[in-house]
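Numbering (my numbering), first residue to last: 908 to 1352. Yeah, the Cβ is synthetic: ideal placement off N, Cα and C, and Gly gets one too.
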């Protein structure tokens, strides 16, 4: 069971987590927990403030977040007895003070210090949850994730070393589970072979949970969040959106990339590779059945499972007669984007031109002059990518016709179809996106 930040945001949230965990004790859960909401952002902001040389302000900015942890502790843990969590909180304050001072003085590599500072969100939430569950009668046992998940030295987005991780997870957790205890660990944090703290990057807590699930050959990986699974479209745009019962891993990956932020596909891959079902559940509505992600999933009756979208997209068009019948041209275009570490979302080509979309335009002023060496470049901002996802889309007769006839009043700037068997992607003006999504949802759902 992995619980996200909103699932451990305050006193009421901890009560909900207790209810969920205690209801499934017969299934021998292992609990992985994210930092409390806003704590990771606060730690990162403190790091940036310390980097500018203002240690006092950096440390002071964390006070409200220490207090949030203390408030939960006061509510659940007896004031007259020993309070292990308060001792941990005092220790964390001292250690963070020392780390932020080191940032100010630049006494260690900054990325290493950044990971160490970020790790305290999960360290504190997992220790607090352990003590709360124990106080409420659950045999919880805290395990430091840095003793289980081994990574390379890439601070900020470390890659797990799977064999070493599997060995340690089994060694540490199997005896605890055998004795009927519930292991509680922080997600997102790990350590390299030298024992230095590393972090797993975006969606890291899901990744931690999937690695542990794979190592233990769990019967199921549950991702507990604040929504009931993956929806047929963004419920903020269309109030008739509903939960999708089953998705294939490939469908989930496409949806995550194009804006459905519930799951990051990389993070659940260890579970999927080991044929462990992944269920997305809602802590606020624990009895609702969420989305199940499986290696494969049956086709929907109308072929479409969901409509995802991304806003604030820029189209780049590169035209050059030199491209006609020549090889290596595309390679040179891609090298420019590689040089500036910029991701391309959608691409469409003709004999003498390429159109592609960018989500991140931070380096566009540097990218365009490089591309102008290859041909004429046109920059066209203000678009949205719409992604229609479902198993068997590529092989479906007449489906593209149904999609585009439903939105025949809208100008489509770019289409990508056939690269994946599960998606049909097209690009339209930003302001048309909500109406297009509503029309498609009404037609297909």
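Item                                                                                                                 : Value
DSSP three-state assignment for residue 985, whether helix, strand or coil                                           : coil
Beta-carbon spacing of residue 1029, residue 1084 below 9 Å                                                          : no
Option nearest residue 1074 by Cα separation, candidates 1119, 1147, 959                                             : 1119
Cross-strand partners of residue 1171 (DSSP beta bridge)                                                             : Paired residues: none, contrary to the question.
Alpha helix (DSSP H) segments (min. 4 residues) lying fully within the region 1046–1087                              : 1069–1085
Residue 954 in three-state terms, based on DSSP                                                                      : helix
Where residue 1163 falls: helix, strand or coil (DSSP)                                                               : helix
DSSP bridge partner residues for residue 1092 (one or two, in chain order)                                           : 939
Beta-carbon gap between residue 1221 and residue 1264 smaller than 9 Å                                               : yes
Residue from 1246, 1258, 1249 whose Cα sits closest to the Cα of residue 1233                                        : 1258
Cβ-Cβ separation, residue 1032 to residue 943 (assumed contact under 8 Å), whole Å                                   : 5 Å
Three-state class that DSSP yields for residue 911 in the structure shown                                            : coil
Neighbourhood of residue 1122 by C-beta, 7 Å cutoff - its chain only, sequence neighbours within 5 removed           : 1072, 1073, 1076, 1077
Residue 908 beta carbon less than 9 Å from that of residue 1160                                                      : no
Element boundaries [beta strand (DSSP E), containing residue 1223]                                                   : 1213–1226
Residue 1259 (DSSP reduced to helix, strand or coil)                                                                 : coil
Straight-line Cα distance separating residue 920 from residue 980                                                    : 13 Å
Residue 1242 classed as buried or exposed, judged by whether at least 16 other C-beta atoms fall within 10 angstroms : exposed
Any 3 or more C-beta pairs closer than 8 Å across the region 1183–1191 and the region 1128–1136                      : yes
Proximal residues to residue 991 (C-beta, below 7 Å), its chain only, five neighbours per side dropped               : 1038
Endpoints, alpha helix (DSSP H) assigned at residue 1352                                                             : Taken as a continuous stretch (DSSP letters only), residue 1352 belongs to no alpha helix (DSSP H), as it is neither H nor E.
Separation of residue 1343 from residue 1108, as counted between CA atoms                                            : 33 Å
DSSP three-state assignment for residue 1191, whether helix, strand or coil                                          : coil
CA nearest to the CA of residue 1336, picked from 940, 1081, 1014, 1321                                              : 1321
Run of the alpha helix (DSSP H) containing residue 924, from where it starts to where it stops                       : 918–929
Three-state secondary structure assigned by DSSP to residue 1124                                                     : coil
Cross-strand partners of residue 1333 (DSSP beta bridge)                                                             : 1293, 1322
Coil, strand or helix - residue 993 by DSSP                                                                          : helix
Where the beta strand (DSSP E) containing residue 1153 begins and where it ends                                      : 1153–1155
Assigned secondary structure, residue 1103 (DSSP; H/G/I helix, E/B strand, else coil)                                : coil
Residue 1200: first and last residue of the uninterrupted beta strand (DSSP E) it sits in                            : 1198–1201
Identified DSSP bridge partners for residue 1265                                                                     : 1221, 1251
DSSP state of residue 1143 mapped onto helix, strand, coil                                                           : coil
Rounded separation between residue 997 and residue 914 - CA only                                                     : 24 Å
Rounded C-alpha distance that separates residue 1347 from residue 1319                                               : 14 Å
Residue 1174 and residue 1137 closer than 9 Å at C-beta                                                              : no
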